[in-house]
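Residue numbers (the working numbering), protein chains in the order written: chain U, 97 to 376; chain R, 1353 to 1663; chain L, 12 to 229. Quick reminder that beta carbons are idealized off the backbone N, C-alpha and C, glycines included.
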Amino acid sequence: MGELAQYLVTGVGLGCAYALTGSGLVVIYRVTRVVNFAQGSFAVLGALTVTTLLAAGLPHGVAEGLGVLLAGLVGVLVGVVATGKPGTTPQAGLIVTLGLGVFAYAVEIFFWGDQPRSFPGLPGAVGGIQTHYLLIIGVTAVVLGATALLFARTDLGRALTATAADPYAARAVGIDVVRMGLFAFAVGGALGGLAGVLITPVQQVSFDSDVALVVSGFSAAILGNLTRPGLTLVGGLLLGVVQALVGGYLSTAYQSEVALIFMLVVLIARAGRRDLVEAA
Amino acid sequence: MKWAYAVAAVGALVLPVVLAPGQLTVFILLGLSAMAVVGLSLLMGYAGQVSLGQAAFTALGAYTSGLLSLHHAPPLLALVAAPVAAALAAVVVGVPILRLRGHQLAFATLALQILLLSVLSGAQWAGGAVGLQGLPYLSVGGFELDQDLDYAYLVVGGVLLVSLIAHRLVHSRVGRGLRALATGEMAAEASGVPVGAYRLLVFAVSAAFAGLAGGIYCFFLGYLAPGSFPVLLSIEYVVMAVVGGLGSIAGALLGAALITVVVQLLTSLATQPGMPSYAPSVLSYAVYALLLIAVVLFVPKGIVPTLRRSL
Amino acid sequence: MIEARDLVVRYGAATALDGVSVSVRAGEMVALIGANGAGKTTLVNTVCGILRPAAGELRTSGRLALVPEGRHLFGPLTVDDNLRLGAWRDRKNRDTGHIYQLLPELVPLRKQVAGRLSGGQQQMVALGRALMGRPDVLVIDEMSLGLAPRVVENLAGHLRQRHAEGLAVLLIEQNARLALDLCSRAYVLEAGRVVAEGPSAELAGSTEVATAYLGLES
Ligand SMILES: Nc1ncnc2c1ncn2[C@@H]1O[C@H](COP(=O)(O)OP(=O)(O)OP(=O)(O)O)[C@@H](O)[C@H]1O
Ligand SMILES: [Mg+2]
């Protein structure tokens, strides 16, 4: 297969990880209005856990599943701290999650040290493309599809949307708003964990990989203003592909800047448009 | 509260003489953090903006001083250029990004800092990832500041200067306008407060403070690298500002002092023989995190404003 | 159904309810009237368990549903989804069919997004959402606010019918005439206290109430 096709598949694979991280941010933001700065930590914790589980002899699949599960549980913990105390504003929640992200550093270094780690993914290659990238793409498609169905087709999903739209009315019909928020954090944690577990075989992870991940996830999600899952997926894939192309044809040195510049451009363009609307 | 200021002033003057050499370094670094944090606290408290990129301005100031003095500019000029360059950079990026709010501005400032760091790491003229080395000491009219003690008093002077400027700003028409701006923007806009200009002014002043800290840092240490100004340094500044109390100058100073001292105590504990090698970083991350979370949840106004109210 | 005695509710230091006693018995239709800021919504939110009283006793029995002040529909969801969530507490009874029978006006709207409906349509959906939980008591906060007389008439008609079938109602209304007309008993709330209560006919006859709330000259 040609070079371009390889770059495209690699880019889509990376983009899937960004989309998963970004979707986690979106789920949490929609329901709780908290921008979860610790979103990257879910990925790191999930991935590092998998390294330990695999080393302990657990088979592939089980180890990865447990890593994702752990990330979901950590998500609930983050949610409890960031939203559990009555009267905590979303702004305070953002700072709290920032603190929790730093706390995760302490935990990660304590258990895994500060050196990068990795574990093997799906071996082999198809037409010059690592099979693992195809696995990333397949799993992401299934999981994001299932998440979309959860929101669109189930009463639990409707209740989550309802909580996001109008917490007062949600309480009036008997929806437990705090519980919904924690559920969103669990989903967001699991999505973040999945991103880390999927990407680590092709990209090493260390305790401070979380900043790059949360920034990429945020860049993906900002295209849909942190509320639109579909645009988040588009944003993630776009970022991944552009990064892979920049890395392939220009220089790998500029790869990580793509997400940052993309984010700034989207933010500033949107703010400009908002100003125009307000002035009108 | 008067006595607290007196204690602080006496401490700042006496401590440099009585501290051991290692402790003097900590004292200087504390003062440098305090300068950046006074600026950040002003920005966050009075202009209602969250910045996760304050250390970018420290880096800008440091590199400005470093590059100028490497190219044989007079050191004093190189030092003065640090806050000026930081403020100019703040004005340039501030025009587009200060239209952002809350988490958007937080991420935008973070992105800018990461971009700056990667530009610096890639730039030949800035020494790349190795950075700048062999920088001269600061010298003023033939007198060379080559002792830690000199820098300790220079930093005390810097903190004083920064605090006085911040105090003037807070108690000026600008400060009153900014307070209105942080509490109810629309009302302030309607009453004729030039919201955008004031916000940009605070952003620039806050950047200048960090830039000055960076400039002193460059002469004190004699070398610079992109790695000296990690994202974590910005987060550290935020922790200090929030713990002390946003918008409070005394709070910024107390926050910087408290966090530095606590982390220092823990580090010396963690480097005792028999402690694992990762102990210092684990402990300091945990302290930053737990203090930040505890203060946001249980002392949301920060320590100094809360104490003021209960006294 | 609802039995509140000496309720005290505070927002921080401000006391919004200061010893309020109100009761609604099974099948009864009771009005609560009072000026803006009297504490009506506060009482409603307390009765529905959204606010916690600082003192006093509150007992409720049977199922209770709320039509909140200002409608508060779930804007991004369809009318049908809004209705389904009305039965959130009752996982087995989320079929919306019976609501469309009770409120046929909603049938053509079922797939529409609630946030884009007119005020009158929204109030009808809010009523339907509250009825979805098959309540024994319905609490309606500001039923007629901002609605055209014909729409109010229509809503009132639906209420009468539900009441005739045994539903108890606590109706909060700015339009005191309408409230006294619909309900057999009423409370008058002023600055967080009940200043008058009794059968509607009696209250309508009392000069104070008439001047303050019915706009009549004494
Ligand atoms: N969330 C709140 N925080 C603080 N004070 C509140 C809050 N909600 C209501 N109040 C105050 O409590 C008092 C009662 O308000 P409430 O909304 O219960 O009145 P109301 O009778 O429903 O008024 P309206 O007719 O305008 O709906 C008012 O003085 C109001 O300002
Ligand atoms: Mg009301």
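Closer than 6 Å from C-beta to any heavy atom of ligand 1: which residues, in chain order?
Here the residues come out as L/Tyr22, L/Ala25, L/Ala27, L/Gly45, L/Asn47, L/Gly48, L/Ala49, L/Gly50, L/Lys51, L/Thr52, L/Thr53 and L/Glu80.
To the nearest angstrom, how far is it from the Cα of aspartate 251 of chain U to the Cα of alanine 317 of chain U?
In the first sequence, counting from the first residue as 1, residue 251 of chain U sits at position 155. In the first sequence, counting from the first residue as 1, residue 317 of chain U sits at position 221. About 25 Å.
For methionine 1592 of chain R, name the three-state secondary structure that DSSP assigns.
Position 240 of the second sequence holds residue 1592 of chain R. Helix.
When you measure from the CB of glutamate 201 of chain L to every non-hydrogen atom of ligand 2, does any distance come out below 7 Å?
Within the third sequence, residue 201 of chain L is the residue found at index 190, counting from 1. No.
Buried or exposed for asparagine 104 of chain L, going by 16 or more other Cβ atoms inside 10 Å?
For the purposes of this step, residue 104 of chain L is taken as the residue at position 93 of the third sequence. So asparagine 104 of chain L ends up on the exposed side.
Please classify serine 229 of chain L as buried or exposed, where buried requires at least 16 neighbouring CB atoms within 10 angstroms.
To locate residue 229 of chain L, count along the third sequence from 1; it is residue 218. With a pLDDT of 41 at serine 229 of chain L, under the threshold of 50, the predicted position of this residue should be treated as unreliable, though the coordinate-derived value follows. Around the beta carbon of serine 229 of chain L, fewer than 16 other beta carbons sit within 10 angstroms, so the residue counts as exposed.
Counting only C-beta atoms, is aspartate 210 of chain U closer than 8 Å to chain R at any point?
The residue you call residue 210 of chain U lines up with position 114 of the first sequence. Yes, because at least one Cβ of chain R sits closer than 8 Å to the Cβ of aspartate 210 of chain U.
Determine the direct distance from the alpha carbon of glycine 107 of chain U to that of leucine 360 of chain U, and round the result to whole angstroms.
Taking the first sequence and counting its residues from 1, one reaches residue 360 of chain U at position 264. Taking the first sequence and counting its residues from 1, one reaches residue 107 of chain U at position 11. Near 21 Å, if we compare the C-alpha coordinates of glycine 107 of chain U and leucine 360 of chain U.
From the beta carbon of cysteine 112 of chain U, is the nearest beta carbon of chain R less than 8 Å away?
Numbered from its first residue, the first sequence carries residue 112 of chain U at position 16. With 8 Å as the cut-off, cysteine 112 of chain U does not count as an interface residue toward chain R.
Out of R/Leu1552, R/Gly1374 and R/Val1390, which has the shortest C-alpha to C-alpha gap to alanine 1565 of chain R?
For the purposes of this step, residue 1565 of chain R is taken as the residue at position 213 of the second sequence. Between alanine 1565 of chain R and the set R/Leu1552, R/Gly1374 and R/Val1390, the nearest pair of CA atoms involves R/Val1390.
Can you find the residues in the same chain that come closer than 6 Å, C-beta to C-beta, to alanine 1458 of chain R, ignoring five residues on each side of it along the sequence?
Start at 1 with the first residue of the second sequence, and residue 1458 of chain R comes out as number 106. Hits under 6 Å: Val1402 and Leu1404.
Applying the 10 Å Cβ sphere with the 16-neighbour rule, what's the burial state of valine 20 of chain L?
In the third sequence, counting from the first residue as 1, residue 20 of chain L sits at position 9. Counting Cβ neighbours within 10 Å, valine 20 of chain L comes out buried, since at least 16 surround it.
I'd like to know whether the C-beta atoms of threonine 117 of chain U and valine 310 of chain U end up nearer to each other than 8 Å.
As a position in the first sequence, residue 117 of chain U is number 21, starting the count at 1. As a position in the first sequence, residue 310 of chain U is number 214, starting the count at 1. It is a contact, given that the beta carbons lie within the stated cut-off.
Determine, using beta carbons only, whether arginine 1451 of chain R comes closer than 8 Å to chain U.
Counted from its first residue, the second sequence places residue 1451 of chain R at position 99. At least one chain U Cβ lies under 8 Å of arginine 1451 of chain R.
Among the candidates L/Gly45, L/Glu219 and L/Leu88, whose CA atom is the shortest distance from the CA of glutamine 185 of chain L?
Residue numbering aside, residue 185 of chain L sits at position 174 when the third sequence is read from its first letter. Selected option, being the one with the closest Cα: L/Gly45.
Please look up how many angstroms separate the CB atoms of phenylalanine 85 of chain L and alanine 280 of chain U, rounded, as I've assumed it's under 8 Å.
Taking the first residue of the third sequence as 1, we reach residue 85 of chain L at position 74. Taking the first residue of the first sequence as 1, we reach residue 280 of chain U at position 184. Incorrect: roughly 16 Å between the Cβ atoms, too far for contact.
Any beta carbon from chain L within less than 8 Å of alanine 268 of chain U's own beta carbon?
As a working note, residue 268 of chain U is residue 172 in the first sequence. True, the Cβ-Cβ gap to chain L drops below 8 Å.
So, helix, strand or coil for leucine 62 of chain L, using DSSP?
Here residue 62 of chain L is taken as the residue at index 51 of the third sequence, counted from 1. If DSSP states are grouped into helix, strand and coil, leucine 62 of chain L belongs with coil.
So, are the CB atoms of threonine 52 of chain L and aspartate 152 of chain L less than 8 Å apart?
Locating residue 52 of chain L in the third sequence gives position 41, counting from the first residue. Locating residue 152 of chain L in the third sequence gives position 141, counting from the first residue. For threonine 52 of chain L and aspartate 152 of chain L, yes; Cβs fall inside 8 Å.
To be precise: take each residue of the region 1422 to 1456 of chain R, compare its Cβ to all Cβ atoms of chain U, and keep it if any distance is under 8 Å. Which residues remain?
Pro1448, Ile1449, Arg1451, Leu1452, Gly1454, His1455 and Gln1456
Does any heavy atom of ligand 2 sit closer than 7 Å to the C-beta of aspartate 210 of chain U?
Mapped onto the first sequence, residue 210 of chain U falls at position 114. No; taking the cut-off as 7 Å, the Cβ of aspartate 210 of chain U has no heavy atom of ligand 2 nearer than that.
Exposed or buried, which one is tyrosine 1357 of chain R when buried takes at least 16 other CB atoms within 10 Å?
Position 5 of the second sequence, counted from the first residue, corresponds to residue 1357 of chain R. Looking at its Cβ environment, which holds fewer than 16 other Cβ atoms inside 10 Å, tyrosine 1357 of chain R is exposed.
Using only the alpha-carbon positions, how far apart do glycine 1529 of chain R and glycine 67 of chain L sit?
Against the second sequence, residue 1529 of chain R aligns to sequence position 177. Against the third sequence, residue 67 of chain L aligns to sequence position 56. Each residue's Cα considered, the two are about 45 Å apart.
State yes or no: is the C-beta of glutamate 184 of chain L nearer than 7 Å to some heavy atom of ligand 2?
In the third sequence, counting from the first residue as 1, residue 184 of chain L sits at position 173. Outside the cutoff, so no.
Could you give the distance in angstroms between the alpha-carbon of leucine 141 of chain U and the alpha-carbon of arginine 370 of chain U?
Here the question's residue 141 of chain U lines up with position 45 in the first sequence. Here the question's residue 370 of chain U lines up with position 274 in the first sequence. Looking at the backbone, the Cα of leucine 141 of chain U and that of arginine 370 of chain U are separated by about 37 Å.
Chain R partners of valine 239 of chain U, CB-CB under 8 Å?
For the purposes of this step, residue 239 of chain U is taken as the residue at position 143 of the first sequence. Correct list: empty, because the minimum Cβ distance to chain R is about 25 Å.
Got a sec, what are the start and stop residues for the alpha helix (DSSP H) alanine 266 of chain U sits in?
On the first sequence, position 170 is the one that residue 266 of chain U refers to. For alanine 266 of chain U, the enclosing alpha helix (DSSP H) has its first and last residue at 263 to 268.
Over what stretch of residues does the beta strand (DSSP E) that includes glycine 410 of chain U continue unbroken?
With chain U represented from 97 up to 376, any question about residue 410 of chain U goes unanswered, as that position is not in the structure.
Let me know if phenylalanine 1518 of chain R comes out buried or exposed under the rule of 16 or more other beta-carbons within 10 Å of its beta-carbon.
By 1-based counting over the second sequence, the position of residue 1518 of chain R is 166. It is alanine, not phenylalanine, that sits at residue 1518 of chain R in the sequence shown. It counts as buried.
By the 7 Å beta-carbon criterion, what residues does the region 244 to 267 of chain U contribute toward chain L?
Asp251, Arg254, Ala255, Thr257, Ala258, Ala261, Asp262, Tyr264, Ala265 and Arg267
Does ligand 2 have even one heavy atom less than 7 Å from the beta-carbon of glutamate 14 of chain L?
Residue mapping note: residue 14 of chain L aligns to position 3 of the third sequence, counting from 1. False, no ligand heavy atom lies under 7 Å from that Cβ.
Is proline 210 of chain L helix, strand or coil by DSSP?
On the third sequence, position 199 is the one that residue 210 of chain L refers to. The answer is strand: DSSP assigns proline 210 of chain L an E or B state.
Any heavy atom of ligand 2 closer than 7 Å to the Cβ of aspartate 91 of chain L?
As a first step, residue 91 of chain L must be located in the third sequence, where it is residue number 80. Result no, Cβ not under 7 Å from ligand 2.
Strictly below 8 Å CB to CB, what residues from chain L border isoleucine 271 of chain U?
Here residue 271 of chain U refers to the residue found at position 175 when the first sequence is read from its first residue. The contacting residues are Leu96 and Trp99.
Which chain U residues sit within Cβ distance under 8 Å of histidine 83 of chain L?
Translated into the one-based positions of the third sequence, residue 83 of chain L becomes position 72. Result: Asp262, Tyr264, Ala265 and Ala268.
Which chain U residues sit within Cβ distance under 7 Å of aspartate 92 of chain L?
As a position in the third sequence, residue 92 of chain L is number 81, starting the count at 1. Residues of chain U passing the Cβ test: Arg254.
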